[in-house]
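Worksheet: the structure to be examined is printed underneath.
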């Protein structure tokens, strides 16, 4: 039954249950060993939930549990409480007598230890030890299969999220590229808070641009000191930076404490756009090596997608510039010339007509001159927008007219005389725009 399971959490729980049934013990637990030698997970069976809450935090791998970790070999005791290594039991912990601890190996590496206590019919025997050791060997195979399956599913989720992010970035449907990336990674990784930090105008400061998760409302938009932050380390090195939660990760005074965190640099066009930071709550499991590796791949691919999206937006802008230039040329080379020819013809015809027909035709010729002036103004505006990144006075006034026209009874008539964009200084241009809007 143990080897049939593929979900890692279920496999670990089934191993403990099988061991209890095999040797008729009351309490059992499986401790997963972290890279630093302590316990990062502790799955227990036999202790009711209410008692487990009263006991408090789970064991960290000290005392007799640490002895099993250090020895890497089975330890069997007739009475746990009489052993000098049996220390650190909380006051609410149930009494335990007989003890058997057996390591579980995965590919010759100790994955964790199986702990059993309080055998119903007396101390554990050598036969019990042999049976549990055999179970541990089988459990190692089941754990390896479950870990491979779990990693495969995790990679599928990361790949799907990356595909969604890339598609959203390249579709041009979102103006905020960093927001798309933050939403994408928040959907696949087990995290309590995801935020993007970008460099602020002050070199010694950073600004939280996007935040999602617990405490995001208090964090988004804050400007924080750069020194000592995980994001600054990622920006300076250009590589993924991680913290196991043993050092404070707070960005501002009073921020709730956070646990393990990983900072992923986002780069485009050779520049640091920001840092995507993912954090878990205090006491949560640290990020595993596979998770860190996949997060680094995600950040790298997301940075490439951002770079492509920005290049695409830049290309679209230049396409728009070219289209404006084409329209300006067509207006100048074709429309104005035809209107000018029509105006000359009307003026010539008006000279041969009696009144009041002469006045009517002459008036139409003057209207053509006004239309030609307006078209030339539009051509100038198109060209100035194509050449300049900052708006000129002419098209700022045009924008005001477009904004307010729907609220007016009649559309305003706008004309310019002379090189206003060259002669009017910026301060005066601001006043002009304000007066026109009023």
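Numbering (this note's numbering), first residue to last: 1 to 438. Virtual Cβ for every residue (Gly too), placed ideally from N, Cα, C. From a predicted model like this one, the values you see are computed outputs, not experimental measurements.
Close beta carbons around residue i, own chain, < 8 Å, minus the five adjacent residues each side
| i | result |
| --- | --- |
| residue 137 | 105 |
| residue 73 | 103 |
| residue 110 | 33, 69, 72, 103 and 104 |
Whole-Å CB distance - residue i paired with residue j, under 8 Å assumed
| i | j | result |
| --- | --- | --- |
| residue 372 | residue 344 | Wrong, their Cβ atoms sit about 11 Å apart, outside the cutoff. |
| residue 196 | residue 213 | Not a contact, Cβ separation roughly 12 Å. |
| residue 98 | residue 79 | 7 Å |
| residue 238 | residue 265 | 6 Å |
| residue 261 | residue 235 | The pair is not a contact, with the Cβ atoms about 15 Å apart (cut-off 8 Å). |
| residue 16 | residue 28 | 4 Å |
| residue 282 | residue 300 | Wrong, their Cβ atoms sit about 29 Å apart, outside the cutoff. |
| residue 162 | residue 22 | Wrong, their Cβ atoms sit about 44 Å apart, outside the cutoff. |
| residue 150 | residue 280 | Actually they do not touch by this definition, with Cβ atoms about 17 Å apart. |
| residue 45 | residue 93 | Wrong, their Cβ atoms sit about 15 Å apart, outside the cutoff. |
| residue 120 | residue 24 | 5 Å |
| residue 437 | residue 402 | With a Cβ gap of about 12 Å, residue 437 and residue 402 do not count as contacting. |
| residue 439 | residue 353 | Because the chain in this structure spans residues 1 to 438, residue 439 falls outside the shown range and cannot be described. |
| residue 308 | residue 263 | Rounded, the Cβ-Cβ distance is 23 Å, inconsistent with contact. |
Close Cβ partners of residue i (< 6 Å) along its chain, the five nearest in sequence each way excluded
| i | result |
| --- | --- |
| residue 296 | 240 |
| residue 211 | 195, 219 and 220 |
| residue 429 | 393 |
| residue 76 | 100, 124 and 129 |
| residue 182 | 194, 196, 210 and 212 |
| residue 420 | 393 |
| residue 232 | 226 |
| residue 144 | 106 |
| residue 244 | 260 and 286 |
| residue 4 | Interpretation of residue 4 is limited by its pLDDT of 47, a score under 50 that renders its predicted location unreliable; the figure taken from the coordinates is listed afterwards. No residues qualify anywhere along the chain. |
| residue 51 | none |
| residue 426 | none |
Among the options, the one whose alpha carbon lies nearest that of residue i
| i | options | result |
| --- | --- | --- |
| residue 118 | 142, 318, 135 and 81 | 81 |
| residue 31 | 24, 39 and 25 | 39 |
| residue 41 | 404, 181, 286 and 259 | 286 |
| residue 411 | 400, 417, 418 and 15 | 400 |
| residue 278 | 308, 318, 215 and 333 | 215 |
| residue 116 | 406, 274 and 18 | 18 |
| residue 274 | 93, 303 and 47 | 303 |
| residue 96 | 64, 50, 127 and 126 | 64 |
| residue 293 | 159, 51 and 436 | 159 |
| residue 153 | 291, 263 and 85 | 291 |
| residue 20 | 86, 135 and 8 | 135 |
| residue 422 | 391, 298 and 347 | 391 |
| residue 122 | 408, 263 and 26 | 26 |
Beta-carbon proximity list for residue i, same chain, < 7 Å, skipping 5 on both sides
| i | result |
| --- | --- |
| residue 349 | 361 |
| residue 200 | 206, 207 and 223 |
| residue 433 | 396, 397 and 400 |
| residue 356 | none |
| residue 339 | 368, 371 and 372 |
| residue 179 | 210 |
| residue 2 | Here residue 2 scores only 48 on pLDDT, less than 50, and its place in the model should not be relied on; the value that follows carries that caveat. Correct list, in chain order: 11, 14, 15, 18, 138, 139 and 142. |
| residue 43 | 12, 13, 16, 29 and 30 |
| residue 86 | 63, 64 and 80 |
| residue 284 | 259 and 260 |
Proximity test, Cβ basis, 8 Å: residue i and chain B
| i | result |
| --- | --- |
| residue 70 | Included in the structure is just one protein chain, with no chain B present. |
Query raised in the report: Taking only runs of the alpha helix (DSSP H) that begin and end inside the segment 190-237, which ones reach a length of at least 4 residues, in chain order?
Result: Within the segment 190-237, the complete alpha helix (DSSP H) runs of at least 4 residues are 216-219 and 230-237.
Query raised in the report: What are the complete alpha helix (DSSP H) segments, minimum 4 residues, inside the segment 93-176?
Result: Contiguous alpha helix (DSSP H) elements confined to the segment 93-176 occur at 126-171, taking only those with 4 or more residues.
Query - alpha helix (DSSP H) runs contained entirely in the segment 322-356, provided each spans 4 or more residues - result: With a minimum length of 4 residues, the continuous alpha helix (DSSP H) runs that stay inside the segment 322-356 are 336-350.
Report task. Please specify which runs of the beta strand (DSSP E), each continuous and at least 3 residues long, are wholly inside the segment 10-54, giving them in chain order. Result -> Within the segment 10-54, the complete beta strand (DSSP E) runs of at least 3 residues are 25-33 and 39-45.
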